[in-house]
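Chains as they are written, first to last, in the working numbering: chain D, 1 to 288; chain U, 289 to 700.
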């Protein structure tokens, strides 16, 4: 019983990690159709911002919840103004540009900080479920995932800015005719996506090894989740993360990590075959 | 006998050429440097391992030159940065052999890189030193392996864990040849010591989440975790292990942890108490070790990363070659090999290091270290450990023409 509870908790924390990882990509790719191959490097920058400011004496939570998103948001602003804004509507070109950007960012960080792994110890300690120990920090990650998803959903659903963003994504010409400036909305959305990715990078620091190439380990899962989720970014990514996180954890627990990864990829392939538009292409079509 | 025109031309030119060249060679020989090749990754994922090794070989070359060179000739170090790319290893190995025509090559870090360049140096008759701890089994008369192998380290680590912590072990290893082979050695030594292996789990190098494994470990309730996890993603295991509050419950022994600066970058609360076994720790207080660490700090700054077995074995491997050249009074490959095979030794930072003729590996000291507030507390030392794993399959005295890496059949 306690073991089932422990596995259930692991599944939840795995889902939370997937949601945090993919939500920023969901905003940039799902809403704006920009294939941001530098997503993993945005994560990495968020992680470095957190590690460096913590080492400089800042409180860890301030570092991950404030410094990381603000810093990566600023990087996103520079990237959008300098590169992406010239490439809207040219999907293949954005892939090339962001791929180059990701290589550049890895190179810059390696040059400055070297390839040694950095990190911060997990705060909050552990708690026990029956005879088993687990990490309180996972609880924090689950809470963060819920807050982030609820926050974005509420912003899109209830605020004027959310309405304008949705309108611009659906029909930029009509939005422009009604007095909205689509380039500014695109810019704001890109920065928001980058900041969310930076936040995820910061939150992952205590449970991962921070190195310049860390993004590569996450980017595939982030893309699978967002594509599996489909057009309605918030609902879709959350549902896809739930499905994939569950499969990954349960199969890994029952067999080995190798089969866990294989099962995740096979289920993604099957799902894209059955639901080419993602989960929200068939179900919950009117959700956000 | 009629003197042919063509023959006359040949003999004449040769005579002329040697007549002209002779004084030039005689003059140049005094000053002509001995070229020493080095192939190390100084950038990319393995760059952190290569940098201390490069520091060590630069230090050694500098010392020999400062002492008047070798056989009266200065040494010239030719290093190529292989950038953690196997293709560059093959390419630069050919350059060293054919264009630079070096007398010896020290280098290679991963087992994959070694196996990429070893055939090249065999083919072009270049003496090759591989100065890294690895899984054992290379049997090649043109190659010397100066790092530790599992019989020297794993064979100390596992009995220590069984004796001090308990008999039930749980093995975690990286999913490629090093991890697979090391896991077999761990299982073998655990069973020999009367222990039971509850599970062996392999992790691809891009695995970052260990929560399922940590649950499984808790369910199995082992006494000891043996880890051969590799790379930056896998350091997440130590983090998540500590975050789950497991660190004080089940101790960890590792064959890989701390070899590349992990102690400096991971929080003491996550690393304290982890036990490892290597051929060298920079905390060793022998005069040679202290002098070695001081020399590196003086030359490259006190903030260089941790000086591990990688640097020490490179330094010692280089000096073993120097000893061979001195004894042979030549840099000729065969002469130096024969000199080394007489069982030459060098007193290095890790202690006495002696060439073993039969395997072309080394007899060297092994140590156990326990992590304590970002340093290694050396808790045991085992002098003069032979490479008995490789010796079980390789005998270059009986079969000097062997040229392969045996996959040692580990009977678990």
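Ideal Cβ positions, reconstructed from N, Cα and C, are used throughout, including at glycine.
All figures in this text were calculated on a predicted structure; none of them were measured in a lab.
For the region 120 to 139 of chain D against the region 213 to 221 of chain D, are there 3 or more C-beta pairs whose distance is under 8 Å? no
Suppose contacts are defined by Cβ-Cβ distances below 7 Å. Is residue 80 (chain D) in contact with residue 187 (chain D) by that definition? yes
Within the 7 Å Cβ cut-off, does residue 126 (chain D) reach chain U? yes
Using a cut-off of 9 Å between C-beta atoms, extract the partners of residue 214 (chain D) located in chain U. 496, 520 and 521
Between the region 570 to 579 of chain U and the region 603 to 621 of chain U, do at least 3 Cβ pairs fall closer than 8 Å? no
Would you identify the three-state DSSP class for residue 692 (chain U), choosing helix, strand or coil? strand
Just to confirm the assignment: which complete beta strand (DSSP E) runs, minimum length 3, are found wholly within the region 338 to 384 of chain U? 363 to 369
Close-in-space but distant-in-sequence residues of the same chain around residue 289 (chain U) (CB under 7 Å, 5 per side omitted): Interpretation of residue 289 (chain U) is limited by its pLDDT of 45, a score under 50 that renders its predicted location unreliable; no figure is taken from the coordinates.
Near residue 142 (chain D), which residues of its chain fall below 7 Å by C-beta distance, leaving aside the five closest residues on each side in sequence? 12, 13 and 16
For residue 571 (chain U), the three-state DSSP class (helix, strand or coil): coil
Verify whether the separation of the beta carbon atoms of residue 53 (chain D) and residue 72 (chain D) is less than 7 Å. no
Nearest to residue 146 (chain D) by alpha carbon, out of D:21, D:266, D:244 and D:7? D:21
To be precise: take each residue of the region 580 to 607 of chain U, compare its Cβ to all Cβ atoms of chain D, and keep it if any distance is under 9 Å. Which residues remain? 593
Please report the straight-line C-alpha distance between residue 494 (chain U) and residue 360 (chain U), rounded to a whole angstrom. 51 Å
Quick one: what does DSSP say residue 670 (chain U) is sitting in, helix, strand or coil? strand
Near-chain D residues of the region 546 to 574 of chain U (beta-carbon distance less than 9 Å), N- to C-terminal order: 548, 549, 550, 552, 553, 554, 555, 556, 557 and 558
Candidates U:669, U:686, U:398 and U:552: closest to residue 572 (chain U) by CA position: U:669
Between the region 238 to 250 of chain D and the region 37 to 51 of chain D, do at least 3 Cβ pairs fall closer than 8 Å? no
Residue 686 (chain U) (DSSP reduced to helix, strand or coil): coil
Can you grab the Cα-Cα spacing for the pair residue 569 (chain U) / residue 547 (chain U), in whole Å? 9 Å
Output needed for residue 172 (chain D): all residues of its chain with C-beta closer than 6 Å, excluding positions within five of it in sequence on either side, in chain order. 182
Comparing alpha-carbon positions, which option in U:442, U:500 and U:375 lies nearest residue 657 (chain U)? U:442
Are the CB atoms of residue 222 (chain D) and residue 279 (chain D) nearer to each other than 7 Å? no
Just list the alpha helix (DSSP H) runs in the region 128 to 169 of chain D, keeping only unbroken ones of 4 residues or longer that don't cross its boundaries, in chain order. 136 to 158
Take residue 363 (chain U) and list the residues in its own chain whose beta-carbon comes closer than 7 Å to its own, dropping the five residues that flank it on each side. 321, 322, 324, 349, 352, 353 and 357
Report, in whole angstroms, the separation of the C-beta atoms of residue 478 (chain U) and residue 446 (chain U), which I expect to be a contact under 8 Å. 5 Å
At a CB distance below 9 Å, what residues from the region 473 to 507 of chain U approach chain D? Give them in sequence order. 489, 490, 491, 492, 493, 494, 495, 496, 497, 498, 499, 500, 501, 502, 503, 504, 506 and 507
Quick one: does residue 691 (chain U) have its CB under 7 Å from some CB of chain D? no
Could you pull out every residue in the same chain whose Cβ sits closer than 7 Å to the Cβ of residue 60 (chain D), ignoring the five residues on either side in sequence? 54, 120 and 123
Assuming residue 676 (chain U) and residue 653 (chain U) form a contact by the criterion Cβ under 8 Å, report the distance between their Cβ atoms to the nearest whole angstrom. Between residue 653 (chain U) and residue 676 (chain U) the Cβ distance is about 15 Å, and since that is not below 8 Å, they are no contact.
So is residue 121 (chain D) in contact with chain U if we call contact Cβ pairs under 7 Å? yes
Mind listing which residues of the region 355 to 385 of chain U have their C-beta closer than 7 Å to chain D's C-betas, in chain order? none
Touch check for the region 202 to 215 of chain D and the region 519 to 536 of chain U: three-plus C-beta pairs under 8 Å? yes
For residue 286 (chain D), which of helix, strand or coil comes out of DSSP? coil
Which first and last residues belong to the beta strand (DSSP E) in which residue 328 (chain U) is found? 322 to 328
Once DSSP output is grouped into helix, strand and coil, what is the label at residue 632 (chain U)? coil
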